[in-house]
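Chemist: So that we are looking at the same thing, I have put the structure below in structure tokens.
There are 2 protein chains.
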Amino acid sequence: MAQASIGDSEFDRGTAITLREPGVYDAQLSPGWTIMNVANGGYLLALMGRALGDALPHSDPFAVSAHYLTPSTPGPAVVRTVTVRTGRTLSTGQASLFQTAEDGREVERLRVIASYGELDALPDDVRTAAKPPAIPPLERCVGTDVGPPPPGDFSMLDRLAMRIDPATVGWAVGAPSGQGDMRAWFEFADGRDPDPYSLLLTVDALPPTSFDLGLKGWTPTVELTTHIRSRPAPGPLRVAITTRNLAGGFLEEDAEVWDSADRLVAQSRQLARAPRE
Amino acid sequence: MAQASIGDSEFDRGTAITLREPGVYDAQLSPGWTIMNVANGGYLLALMGRALGDALPHSDPFAVSAHYLTPSTPGPAVVRTVTVRTGRTLSTGQASLFQTAEDGREVERLRVIASYGELDALPDDVRTAAKPPAIPPLERCVGTDVGPPPPGDFSMLDRLAMRIDPATVGWAVGAPSGQGDMRAWFEFADGRDPDPYSLLLTVDALPPTSFDLGLKGWTPTVELTTHIRSRPAPGPLRVAITTRNLAGGFLEEDAEVWDSADRLVAQSRQLARAPRE
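Protein chains in written order, with this note's numbering: chain A, 1 to 277; chain B, 1 to 277.
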């Protein structure tokens with residue numbers, strides 16, 4: 001099978017949008033990017049990012065803030081965008097994704113404000129003080145196809161080739177570390193290289209840190225803000241997520257994405273509901 | 001002078017809003033909360049947070065995402081809010097702040113999506129792994145009235161009683177540490193205790209980390225997302241801000257706010273433009 005490429009891949013097909021009229025895009029939410037039959041939040045973000053990239057005069061997401069309202073399911077969807085402001089180096093837009101309920105009403109799934117620019121126009125001075133995560137080499141990490149099969153539908157995992165740091169995968173065998181960390185190598189199963197849109201998916205693609213904290217159950221995202229800081233180099237990404245503030249029934253997940261050139265290409269933080277114990 | 005209180009203070013008067021019609025609030029941007037004659041981003045966020053708190057069925061900001069479009073100046077402003085979704089424990093709203101230009105057109109200054117809940121209804125289990133910042137006792141920290149007066153108008157500093165960690169104030173005497181940190185004790189000059197709305201100001205009130213990196217000039221905020229995790233206890237707050245990814249003409253600032261009860265009451269991250277050298 002020929003290796004997929006940016007523009008021709010499962011991710012591109014899954015996040016494809018069709019212009020219906022200025023600012024309005026039709027999409028088909030794919031059953032291939034779900035967890036427990038709910039569309040993954042990062043997948044939705046990438047799809048909406050594509051729509052805003054088409055609607056706005058600047059090409060690349062720089063800061064994307066999303067508030068999740070109701071769960072999205074596979075099937076038709078429409079993205080309605082609004083141009084909020086266009087500037088010389090940055091533009092800002094807003095987008096909402098809707099799906100039609102059985103009674104015919106449109107129900108909003110998530111709402112996004114995002115500021116876009118041109119990543120390739122940025123100066124190349126890099127004074128990043130942060131260091132890449134300490135994660136073992138890819139071949140020493142654990143594929144998501146190892147261990148007991150997850151309960152229920154995790155179809156998105158079939159699209160990805162993630163390999164999790166053994167230090168953060170104890171939960172899969174009943175021995176969570178309790179630290180609230182998750183680290184993994186991230187690639188697409190079909191070999192597609194990363195790009196700014198796929199980074200929007202990557203920040204929300206790993207198992208939740210709640211697993212490493214010994215909690216059972218998923219952590220629905222309330223809000224997710226992602227910064228895209230550089231076009232990622234080809235090749236595998238390293239993702240490191242930490243939770244330091246599990247309290248009052250909520251937790252935050254801080255994600256960093258590093259590319260093969262050791263650039264910190266994306267940073268995100270989400271607020272999520274902790275599972276009820 | 002009687003100590004100010006929540007509801008009767010410079011901060012409350014400066015962020016006051018008046019309902020004009022459902023969802024629409026008039027405000028007067030105060031010259032007392034500016035830096036270089038531009039309204040401080042956290043001040044604007046707090047003002048808009050107050051409007052959304054009135055418009056939405058839930059009382060307290062949980063996650064507030066703001067994209068800054070054009071600088072705001074002292075004078076009249078209008079906040080237009082939209083209720084996006086109301087749920088049992090969370091509601092989501094959107095708000096825009098406008099000022100009228102000389103030609104009579106409304107110009108949007110910033111746009112916010114925010115999810116609100118009831119902080120007092122949260123369970124009190126706290127498993128926060130993060131630790132309060134290592135900052136010297138308040139009396140060993142440096143008031144902002146010490147050292148050479150800042151160039152230009154910094155009126156907001158008169159409303160605050162900030163005391164900066166000596167380790168992060170070297171820039172004021174030409175010796176920045178180069179680390180990209182800023183730490184300070186935060187109080188209001190009139191003694192008002194903190195509350196969820198004032199936390200929205202606090203996360204953007206400290207001098208920019210760019211000073212500690214040895215950069216000259218301000219770092220305009222592109223986007224700022226704040227999580228409010230707990231109603232703060234009365235008394236001084238400790239604020240710790242770090243920048244780890246200065247690259248390509250942008251930088252992020254991660255802020256943590258800790259209250260007198262050692263709770264991590266707020267976390268934020270902003271994307272800002274680095275000063276041109």
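Even glycine gets a Cβ: it sits at the ideal position worked out from N, Cα and C.
Name, in chain order, the residues that DSSP records as bridge partners for residue 58 of chain B.
Modeler: Answer is none; residue 58 of chain B lacks a bridge partner.
Chemist: For the beta strand (DSSP E) that contains residue 253 of chain B, what are its first and last residues?
Modeler: Its beta strand (DSSP E) spans residues 250–258.
Chemist: For residue 69 of chain A and residue 111 of chain A, I'd like the C-alpha separation in whole angstroms.
Modeler: Roughly 8 Å separates the two Cα atoms.
Chemist: On the criterion of 16 or more Cβ atoms from any shown chain inside 10 Å, does residue 53 of chain B qualify as buried, or is it exposed?
Modeler: The residue is buried, with at least 16 neighbouring Cβ atoms inside 10 Å.
Chemist: Grab me the residues of residue 107 of chain A's own chain with a C-beta within less than 7 Å of its C-beta, minus the 5 sequence neighbours each way, in chain order.
Modeler: Correct list, in chain order: 70, 98, 99 and 101.
Chemist: Taking beta-carbon pairs under 8 Å, can you tell me which members of the region 122–138 of chain A lie near chain B?
Modeler: Taking 8 Å as the Cβ-Cβ cut-off against chain B, the residues of the region 122–138 of chain A that qualify are 122, 123, 124, 125, 126, 127, 128, 129 and 130.
Chemist: Determine whether the beta carbon atoms of residue 281 of chain A and residue 185 of chain A lie at a separation below 8 Å.
Modeler: Residue 281 of chain A lies beyond the stretch modelled for chain A, which goes from 1 to 277, so this question has no answer here.
Chemist: Out of A:23, A:122 and A:241, state which residue places its alpha-carbon closest to the alpha-carbon of residue 179 of chain A.
Modeler: Taking only the C-alpha atoms, the option nearest residue 179 of chain A is A:241.
Chemist: Quick one: residues in its chain with C-beta nearer than 6 Å to the C-beta of residue 221 of chain A, no 5 flanking neighbours on either side, listed in chain order?
Modeler: These residues qualify, in order along the chain: 41, 68, 270 and 272.
Chemist: May I ask which residues mark the beginning and end of the alpha helix (DSSP H) holding residue 192 of chain A?
Modeler: Segment: none, residue 192 of chain A is in no alpha helix (DSSP H) and carries neither H nor E.
Chemist: Quick one: which residues of the region 43–56 of chain B get their C-beta closer than 9 Å to a C-beta of chain A? List them in chain order.
Modeler: From the region 43–56 of chain B, no residue has a Cβ closer than 9 Å to chain A.
Chemist: Taking the straight line between their C-alpha atoms, what separation do you get for residue 39 of chain B and residue 72 of chain B?
Modeler: Cα to Cα, residue 39 of chain B sits roughly 5 Å from residue 72 of chain B.
Chemist: Tell me the DSSP bridge mates of residue 117 of chain A?
Modeler: DSSP output for residue 117 of chain A lists A:60 as bridge partner(s).
Chemist: Return the CA-CA distance between residue 176 of chain B and residue 121 of chain A, expressed in angstroms with no decimal places.
Modeler: One C-alpha to the other measures close to 29 Å.
Chemist: Given a threshold of 16 other Cβ atoms within 10 Å of its Cβ, counted over all protein chains shown, does residue 19 of chain A qualify as buried or as exposed?
Modeler: When all chains shown are included, residue 19 of chain A counts as exposed.
Chemist: Kindly indicate which three-state DSSP category residue 162 of chain B falls into: helix, strand or coil?
Modeler: Looking at residue 162 of chain B - three-state DSSP - the assignment turns out to be coil, as it is neither helix nor strand.
Chemist: Using a C-beta cutoff of 8 Å, does residue 267 of chain A count as contacting chain B?
Modeler: Answer yes: the Cβ-Cβ gap between residue 267 of chain A and chain B drops below 8 Å somewhere.
Chemist: Would you kindly work out how many angstroms separate the C-alpha atoms of residue 8 of chain A and residue 58 of chain A, rounded to a whole number?
Modeler: Cα-Cα distance, rounded: 22 Å.
Chemist: Just the chain A side, please: which residues come within less than 9 Å of residue 84 of chain B by C-beta, in chain order?
Modeler: Under the 9 Å cutoff, chain A gives 67, 69, 96, 108 and 111.
Chemist: What are the boundary residues of the alpha helix (DSSP H) that residue 200 of chain A is part of?
Modeler: Taken as a continuous stretch (DSSP letters only), the alpha helix (DSSP H) holding residue 200 of chain A covers 196–202.
Chemist: With distances taken between CB atoms, is the gap from residue 229 of chain B to residue 247 of chain A smaller than 8 Å?
Modeler: In contact: residue 229 of chain B and residue 247 of chain A (Cβ atoms closer than 8 Å).
Chemist: Quick check: is any heavy atom of the ligand FAD less than 7 Å from the C-beta of residue 219 of chain A?
Modeler: Among the ligands in the structure shown, none appear at all, so the ligand FAD cannot be discussed.
Chemist: How about residue 257 of chain B and residue 213 of chain B: do their beta carbons lie closer than 8 Å?
Modeler: Not closer than 8 Å, so no.
Chemist: Using only the alpha-carbon positions, how far apart do residue 202 of chain A and residue 266 of chain A sit?
Modeler: Distance between the alpha carbons of residue 202 of chain A and residue 266 of chain A: 9 Å.
Chemist: Starting from residue 222 of chain A, find everything on chain B with Cβ-Cβ shorter than 8 Å and list it in chain order.
Modeler: Within 8 Å Cβ-Cβ: 62, 63, 90 and 115.
Chemist: Could you pull the DSSP bridge partners for residue 73 of chain B from this structure?
Modeler: In the DSSP output, where bridge partners are listed per residue, residue 73 of chain B has none listed.
Chemist: Which stretch, first to last residue, makes up the alpha helix (DSSP H) that contains residue 209 of chain A?
Modeler: Run containing residue 209 of chain A: 209–212, per the alpha helix (DSSP H) assignment.
Chemist: Of all the CB atoms in chain A, is at least one closer than 8 Å to the CB of residue 255 of chain B?
Modeler: Residue 255 of chain B does not count as touching chain A.
Chemist: Can you give me the Cβ contacts of residue 144 of chain B inside the same chain, cut-off strictly under 6 Å, excluding the 5 residues immediately before and after it?
Modeler: Taken in chain order, the residues that qualify are 157 and 162.
Chemist: What residues in the region 235–252 of chain A bring their beta carbon closer than 8 Å to a beta carbon of chain B?
Modeler: Taking 8 Å as the Cβ-Cβ cut-off against chain B, the residues of the region 235–252 of chain A that qualify are 243, 244, 245, 246, 247, 248, 249, 250 and 252.
Chemist: Mind checking whether residue 47 of chain A and residue 17 of chain A have CB atoms under 8 Å apart?
Modeler: It is a contact, given that the beta carbons lie within the stated cut-off.
Chemist: On the DSSP letters alone, give me the boundaries of the alpha helix (DSSP H) that residue 98 of chain A sits inside.
Modeler: It is not in any alpha helix (DSSP H) - residue 98 of chain A instead sits in the beta strand (DSSP E) that spans 91–100.
Chemist: Between which two residues does the alpha helix (DSSP H) containing residue 13 of chain B stretch?
Modeler: 10–14 is the extent of the alpha helix (DSSP H) around residue 13 of chain B.
Chemist: Give me the Cα-Cα distance between residue 249 of chain A and residue 274 of chain A, rounded to the nearest whole angstrom.
Modeler: Going by the C-alpha atoms only, they are around 5 Å apart.
Chemist: Relative to the C-alpha of residue 74 of chain A, which candidate in A:109, A:245 and A:82 has its C-alpha closest?
Modeler: The shortest C-alpha separation from residue 74 of chain A is found at A:109.
Chemist: With a threshold of 6 Å on Cβ separation, who are the neighbours of residue 168 of chain A within its own chain once the five nearest residues in sequence on each side are excluded?
Modeler: 181, 182, 183 and 212, listed in sequence order.
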